[in-house]
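Just so you know, the protein sequences line up as chains A and B, in that order.
Using the working numbering, read the first sequence as starting at 114 and increasing by one per residue.
Using the working numbering, read the second sequence as starting at 2 and increasing by one per residue.
The beta-carbon is built from N, C-alpha and C at its ideal position, and this holds for glycine as well.
This structure is a prediction, so every number in the text was calculated from the model and none was measured.
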Amino acid sequence: MRLEPIANPTTARRLGYPALAILATLAVAALLARIAGADPLAALGQIATGALGSKLAILETLNRATPLIFTGLAVAVAFRAKLWNIGAEAQLYAGAIMAVVLGTGALGSPLVLPVSALAALLAGAMLLLGPVLLKTRLGVDEVVTTLLLNFIMLLFVSYLLEGPMKDPMGMGWPKSAALTPEARLPRIVDGLRLHWGFGLALIAAVLVWLIQIRTTLGFEIRAVGQSPEAARFAGMPVNAVLVKTALLSGGLAALAGWSEVAGLKGHLSQDLSPGFGYTGIIVAMLALLHPLGVVLSALFVAGIFVGSDAMSRAAGVPTYIADMLLATALLFMVLAILLTRVRVVRG
Amino acid sequence: MSEVIDILISASFWAAVIRIATPLILATMGELICERAGVLNLGIEGIMVIGAFAGWMAVYQGLPLWGGVAVAMGAGMLFGLLHSTLTVPFGLSQHVVGLGITLLATASASFAYRLMLPEVTSPPKIEPFQPLDIPVLSDLPFLGQAIFSQTALTWAAFAMAGAVALVLYRTPLGLAVRAAGENPAAVEAQGLSVTGLRMGAVMVGSGLMAVGGAFLTLSAFSSFFFEMVNGRGWVCIALVVFGAWKPGKAVLGAILFAAFDALQIRLQQTPIGAVLPYQLFLAAPYILSILALVLMSRRAEVPAALMVPYNKGER
Numbered sequence: 114m115r116l117e118p119i120a121n122p123t124t125a126r127r128l129g130y131p132a133l134a135i136l137a138t139l140a141v142a143a144l145l146a147r148i149a150g151a152d153p154l155a156a157l158g159q160i161a162t163g164a165l166g167s168k169l170a171i172l173e174t175l176n177r178a179t180p181l182i183f184t185g186l187a188v189a190v191a192f193r194a195k196l197w198n199i200g201a202e203a204q205l206y207a208g209a210i211m212a213v214v215l216g217t218g219a220l221g222s223p224l225v226l227p228v229s230a231l232a233a234l235l236a237g238a239m240l241l242l243g244p245v246l247l248k249t250r251l252g253v254d255e256v257v258t259t260l261l262l263n264f265i266m267l268l269f270v271s272y273l274l275e276g277p278m279k280d281p282m283g284m285g286w287p288k289s290a291a292l293t294p295e296a297r298l299p300r301i302v303d304g305l306r307l308h309w310g311f312g313l314a315l316i317a318a319v320l321v322w323l324i325q326i327r328t329t330l331g332f333e334i335r336a337v338g339q340s341p342e343a344a345r346f347a348g349m350p351v352n353a354v355l356v357k358t359a360l361l362s363g364g365l366a367a368l369a370g371w372s373e374v375a376g377l378k379g380h381l382s383q384d385l386s387p388g389f390g391y392t393g394i395i396v397a398m399l400a401l402l403h404p405l406g407v408v409l410s411a412l413f414v415a416g417i418f419v420g421s422d423a424m425s426r427a428a429g430v431p432t433y434i435a436d437m438l439l440a441t442a443l444l445f446m447v448l449a450i451l452l453t454r455v456r457v458v459r460g
Numbered sequence: 002m003s004e005v006i007d008i009l010i011s012a013s014f015w016a017a018v019i020r021i022a023t024p025l026i027l028a029t030m031g032e033l034i035c036e037r038a039g040v041l042n043l044g045i046e047g048i049m050v051i052g053a054f055a056g057w058m059a060v061y062q063g064l065p066l067w068g069g070v071a072v073a074m075g076a077g078m079l080f081g082l083l084h085s086t087l088t089v090p091f092g093l094s095q096h097v098v099g100l101g102i103t104l105l106a107t108a109s110a111s112f113a114y115r116l117m118l119p120e121v122t123s124p125p126k127i128e129p130f131q132p133l134d135i136p137v138l139s140d141l142p143f144l145g146q147a148i149f150s151q152t153a154l155t156w157a158a159f160a161m162a163g164a165v166a167l168v169l170y171r172t173p174l175g176l177a178v179r180a181a182g183e184n185p186a187a188v189e190a191q192g193l194s195v196t197g198l199r200m201g202a203v204m205v206g207s208g209l210m211a212v213g214g215a216f217l218t219l220s221a222f223s224s225f226f227f228e229m230v231n232g233r234g235w236v237c238i239a240l241v242v243f244g245a246w247k248p249g250k251a252v253l254g255a256i257l258f259a260a261f262d263a264l265q266i267r268l269q270q271t272p273i274g275a276v277l278p279y280q281l282f283l284a285a286p287y288i289l290s291i292l293a294l295v296l297m298s299r300r301a302e303v304p305a306a307l308m309v310p311y312n313k314g315e316r
């Protein structure tokens, strides 16, 4: 078989294949539920009501989407330049550490929130600066270095929580001291369990979108991603663009950790992130790397997680079904996107 | 310093080095085959997880140990088939597909584990591979314990590495696989199928990765834990670069890496370990992998067509 590009794909083709990918994912979901001994249609319904069926469920989904918007944006920005930042998990924890360092009493004024947010941004940016400099200066592949940094960072967090950051009141549990009230992100509406981290995530998505469509950097990121050779030939400072992309991407991922600590948890613990950094890759890919699409796909992915938890409790299907569905959706979707613009021919 | 020397001259240390190196050698060989054919396989971490799970579960269900190895290999090849279908004929991003395969394989293992063992709090144990007793050699002083105290799977891993080197460099098939990773158009001009060679290489390579994972459950430990692969797959990708895409050098790299890993475990129990946080020791293998990548970055000879999809008729 051979792939043949299609010059002008029809609308039916452009929408049909992604729709098919979603249907195929639903079919896999039904099949998995069936294998686990549950009624497939009932299980799918329970996922939907579990994610959206009540005010509480919707708030839970929005809260879960917040870190995913940040990590999804981080991945989308980087992948757009073909900078393979798989280290959002580590950058997330860098931001979380900054929220604790500056939020547990060192600063007492109303300045504490903006200062700690800025510190988180910087920490995440610095963490990705290393791998990107190794890439541009020495040609070291950033996939492996950013992946390995995730493991190193988790051990560093474990060290902090058992050593210098350990909460003296923690009853031996490895967690940090609680943030002071002024270091916490307020709720958007009084009485509703949704913090301003969500609002900031939306603002970040719009800002990233504006950077991409309105600034030279956005144009350069796209050009470098399409062909670094052509960009270099056109006189673009390719390495400088990659470094700027990395700073933006690392900073965005760090805000995920910062907002989880300052908005939701109020302290740092070893289990702050159940893989938000890795899930950000799925979020970004399902959004076709579009910053505003990231918001939608983060909501979708968060809904799958929250809904699967509820369905798992009700129908006894293992909650890991969520991870399987998202991985399946990712693979189906990348294939579907390809088929919108090429035709498979024999020979 | 004397602590380090004491460790280095103990036979149990070298036995541990070979034990720790075994899964790395298997998975590194698997990744090396994929990359020599031109395909980066980032599914490695998840394929090791599914191999560890499938092999262990098969033996727990009553299969003999070698049957478990075969089941693991089959599971790995299945994910290799999925990976290569998407990345070779369809030419999709090897980064995205690879990470997707890792997520899918890891989630499949967790899902199947919960499905088959819904109520257990700790995973059941199986009877793992026992050290192979070799007449005379196993009774030698020092060497008997250091080298000839390994399980059959370890011997198989070293034999496999030799076989991979032999096939890659001494057979027409190996030449074709390497050419698929260097100059696919030339392979096609010879009337060979680049698609077939690459897909075959990814499937065989993925099978080896899965057996590397199965070593953890069937030989090193006797149970399956969710976090047991713990980044070993990513380390193997670094080892392929460190070994400059050559089987012999990659095996040496794996042994060197295993020696540092075994050393850090033992150093934790010495006075040095009492001073430094234990997390620093645990992080050492990952830091070391990054350093290895940096050291080799200038010298590495990357296969020319690595990560370049091949579409017939396009020039």
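Residue-level contact check: B:G31 does not touch chain A, since none of the beta carbons of chain A fall below 8 Å from its beta carbon. Shown here, B:V230 sits in coil according to DSSP, grouped into three states, outside any helix or strand. Nearest CB-CB separation between B:V295 and chain A: below the 8 Å threshold.
A distance of 8 Å or more separates the beta carbons of B:P129 and B:Q151.
Interface annotation, A:P431: in contact with chain B, CB-CB separation under 8 Å.
Shown in chain order are the members of the segment 228-260 of chain B whose Cβ falls below 8 Å from a Cβ of chain A: N231, G232, W235, V236, I238, A239 and V242.
Chain-ordered listing is empty here: chain A has no CB closer than 8 Å to the CB of B:F225, the nearest sitting near 14 Å. By the 16-neighbour rule on beta-carbons within 10 angstroms, A:P180 is buried. Non-local C-beta neighbours of A:Y433 in its own chain, meaning closer than 8 Å and more than five positions away in sequence, are absent.
Taken through DSSP and simplified to helix, strand or coil, A:V319 comes out as helix. The beta carbons of A:R345 and A:V354 sit no closer together than 8 Å.
Close to chain A, meaning a Cβ-Cβ distance shorter than 7 Å, is no residue of the segment 13-24 of chain B at all. Rounded to the nearest angstrom, the Cβ distance from A:A359 to A:L196 is 6 Å, consistent with a contact under 8 Å. Residues A194, A344, V351 and V354 of the same chain have their beta carbon placed closer than 6 Å to that of A:V337, with the five preceding and five following residues left out of the count. Between the beta-carbon of B:V50 and that of B:G206 there is about 16 Å, and that puts the pair past the 8 Å contact cut. A:D384 and A:Y206 have their C-alpha atoms some 10 Å from each other. With distances taken between CA atoms, A:W371 lies nearest to A:S229 out of A:S229, A:W286 and A:T162. Taking one beta carbon from each stretch, the segment 111-124 of chain B and the segment 427-446 of chain A have 3 or more pairs nearer than 8 Å; the two touch. Using a Cβ-Cβ cut-off of 7 Å, B:P278 is close to Y272 and G276 of chain A, given in chain order. Residue-level contact check: B:G206 does not touch chain A, since none of the beta carbons of chain A fall below 8 Å from its beta carbon. Annotated three-state conformation of A:P153 is helix, per DSSP. Put simply, of A:L242, A:T258, A:L320 and A:K357 the residue whose alpha carbon is nearest the alpha carbon of A:E333 is A:K357. 8 Å or more divides the Cβ of B:P310 from the Cβ of B:L33. Taking C-beta separations shorter than 7 Å and ignoring five residues to either side along the sequence, the partners of A:L305 in its chain run L172, following chain order. Per DSSP, reduced to three states, the secondary structure at B:V241 is helical.
Under the Cβ distance rule, A:D303 does not count among the residues neighbouring chain B, no pair being separated by less than 8 Å. Taking C-alpha positions only, B:S224 is separated from B:P124 by approximately 6 Å. Contact between A:I199 and A:T259 holds: their C-beta atoms lie close to 5 Å from each other, under 8 Å. A contact between stretches requires three or more CB pairs, one per stretch, nearer than 8 Å, and the segment 403-414 of chain A meets this requirement with the segment 308-323 of chain A. Annotation for B:S111: F227 place their beta carbon closer than 7 Å to its own, counting only its chain and skipping 5 residues before and after. Chain B has a Cβ within less than 8 Å of the Cβ of A:I199. Following the DSSP letters along the chain, one finds A:L116 inside the beta strand (DSSP E) bounded by residues R115 to P118.
One alpha carbon belongs to A:A440, the other to A:I265, and they sit about 25 Å apart.
In this structure, B:W57 places its C-beta atom within 8 Å of the C-beta atom of B:I127. When the alpha-carbon of A:S271 is set against those of B:Y279, B:G81, B:W235 and B:I102, the nearest one is in B:Y279. Contact note: B:G75 does not reach chain A at a C-beta cutoff of 7 Å; the least C-beta distance is about 19 Å.
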